[in-house]
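A.B. asks:
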Amino acid sequence: DGGITQSPKYLFRKEGQNVTLSCEQNLNHDAMYWYRQDPGQGLRLIYYSQIVNDFQKGDIAEGYSVSREKKESFPLTVTSAQKNPTAFYLCASSMNTGELFFGEGSRLTVL
Amino acid sequence: GDSVTQMEGPVTLSEEAFLTINCTYTATGYPSLFWYVQYPGEGLQLLLKATKADDKGSNKGFEATYRKETTSFHLEKGSVQVSDSAVYFCARKNNNAGNMLTFGGGTRLMVKP
């Protein structure tokens, strides 16, 4: 079945460590996105990519990095520069219709 | 800039009650509008959408009508069930380059038996 797969579902990080969240899609979508969701809040855009080898900062890109070497993959690295990384991270992809398809999310907790 | 405003939750209803969750958007052009639903611990799923004025999106008993004159896209359901308990997000497609969506803050719905 086609869809978006995020891994891991749960991740624990010590302060000062970088971690990478995986996002893979087999929908043949050109565009991919990373959102952050905090408890009781809406979604905030971290990074997005509309085509392979190109990506743009969203509203809260500081402390994060991404790559888009393949159409299917858009990994997000949460660096030690991100001061408050504990959150629920959502990856999504889309076609030109504007409808976003989301993964199941990854919950990151800093110990 | 583009924005979406939703009523704050939580909204607590008894089973079979009527549901309305308000959503308004900034009127820059004619954006496509969406409602997404998020069940506990999961990602977001598209619930319904409308792409032009007066369109009505519907799915699983939920409806929302694209009202250009009031820049609104309120979500309604005639009879909620316990299984409808979730967080609901209103969103608009931005008119700038790309297909990014701007989301409202989400409204938590709790339905009690």
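If you read the sequences in order, they're chains U and B. Start counting the first sequence at 1; every next residue gets the next number (our numbering). Start counting the second sequence at 1001; every next residue gets the next number (our numbering). Yeah, the Cβ is synthetic: ideal placement off N, Cα and C, and Gly gets one too.
Just the C-alpha distance for U:G63 and B:L1047, rounded to the nearest angstrom, thanks.
C.D. replies: Taking the first residue of the first sequence as position 1, residue 63 of chain U is located at position 63. Taking the first residue of the second sequence as position 1, residue 1047 of chain B is located at position 47. So the alpha carbons of these two residues sit roughly 32 Å apart.
A.B. asks: By DSSP, does U:D59 sit in helix, in strand, or in coil?
C.D. replies: For the purposes of this step, residue 59 of chain U is identified with residue 59 of the first sequence, where counting begins at 1. DSSP places U:D59 in coil when its eight states are reduced to three.
A.B. asks: When the Cα of B:L1019 is compared with those of B:H1074, B:F1103, B:G1105, which residue comes out closest?
C.D. replies: Mapped onto the second sequence, residue 1019 of chain B falls at position 19. Among B:H1074, B:F1103, B:G1105, the Cα nearest to that of B:L1019 is on B:H1074.
A.B. asks: Pull up the CB-CB distance for B:L1101 and B:R1092, whole angstroms please, since I reckon it's below 8 Å.
C.D. replies: Taking the second sequence and counting its residues from 1, the one referred to as residue 1101 of chain B is at position 101. Taking the second sequence and counting its residues from 1, the one referred to as residue 1092 of chain B is at position 92. Right, their Cβ atoms sit about 7 Å apart.
A.B. asks: Starting from B:M1100, trace the beta strand (DSSP E) both ways and give me its first and last residue.
C.D. replies: Taking the first residue of the second sequence as position 1, residue 1100 of chain B is located at position 100. Bounds of any beta strand (DSSP E) do not take in B:M1100, whose DSSP letter is neither H nor E.
A.B. asks: Using a Cβ-Cβ cut-off of 6 Å (strictly less than) and excluding sequence neighbours within five positions of B:S1072, which residues of its own chain qualify?
C.D. replies: Looking up residue 1072 of chain B in the second sequence gives position 72. The answer, listed in chain order, is T1024.
A.B. asks: Provide the residue(s) that pair with B:L1046 in DSSP beta bridges, ordered along the chain.
C.D. replies: Locating residue 1046 of chain B in the second sequence gives position 46, counting from the first residue. Looking at the DSSP assignment, B:L1046 forms a beta bridge with B:Y1036.
A.B. asks: Do U:N26 and U:G42 count as a contact pair if the criterion is CB distance below 8 Å?
C.D. replies: Along the first sequence, one-based indexing puts residue 42 of chain U at 42. Along the first sequence, one-based indexing puts residue 26 of chain U at 26. Against a cut-off of 8 Å, the Cβ pair of U:N26 and U:G42 comes out as no contact.
A.B. asks: So the beta strand (DSSP E) B:F1073 belongs to, where does it begin and stop?
C.D. replies: Start at 1 with the first residue of the second sequence, and residue 1073 of chain B comes out as number 73. Run containing B:F1073: none; DSSP gives neither H nor E here.
A.B. asks: Less than 8 Å between the beta carbons of B:P1113 and B:E1008, yes or no?
C.D. replies: Here residue 1113 of chain B corresponds to residue number 113 of the second sequence, with the count starting at 1. Here residue 1008 of chain B corresponds to residue number 8 of the second sequence, with the count starting at 1. Against a cut-off of 8 Å, the Cβ pair of B:E1008 and B:P1113 comes out as no contact.
A.B. asks: With distances taken Cα to Cα, identify the nearest neighbour of B:M1110 among B:K1068, B:G1061, B:Q1081, B:T1065.
C.D. replies: By 1-based counting over the second sequence, the position of residue 1110 of chain B is 110. Of B:K1068, B:G1061, B:Q1081, B:T1065, the residue nearest in Cα terms is B:Q1081.
A.B. asks: Taking U:L108 as the query, report the chain B residues whose CB atoms sit under 7 Å from its CB, ordered along the chain.
C.D. replies: Here residue 108 of chain U corresponds to residue number 108 of the first sequence, with the count starting at 1. Those within 7 Å of U:L108 in chain B number zero; the least Cβ separation is about 14 Å.
A.B. asks: Do you know how far the Cα of U:Y10 is from the Cα of B:E1042?
C.D. replies: For the purposes of this step, residue 1042 of chain B is identified with residue 42 of the second sequence, where counting begins at 1. For the purposes of this step, residue 10 of chain U is identified with residue 10 of the first sequence, where counting begins at 1. Straight-line Cα distance between these residues: approximately 12 Å.
A.B. asks: When you compare the CB of U:Q41 with every CB in chain B, is at least one pair closer than 8 Å?
C.D. replies: The residue given as residue 41 of chain U occupies position 41 in the first sequence. At a cut-off of 8 Å between beta carbons, U:Q41 contacts chain B.
A.B. asks: Run through DSSP, which three-state label would B:V1082 get?
C.D. replies: Counting from one through the second sequence, the residue named residue 1082 of chain B turns up at place 82. Correct three-state label for B:V1082: helix.
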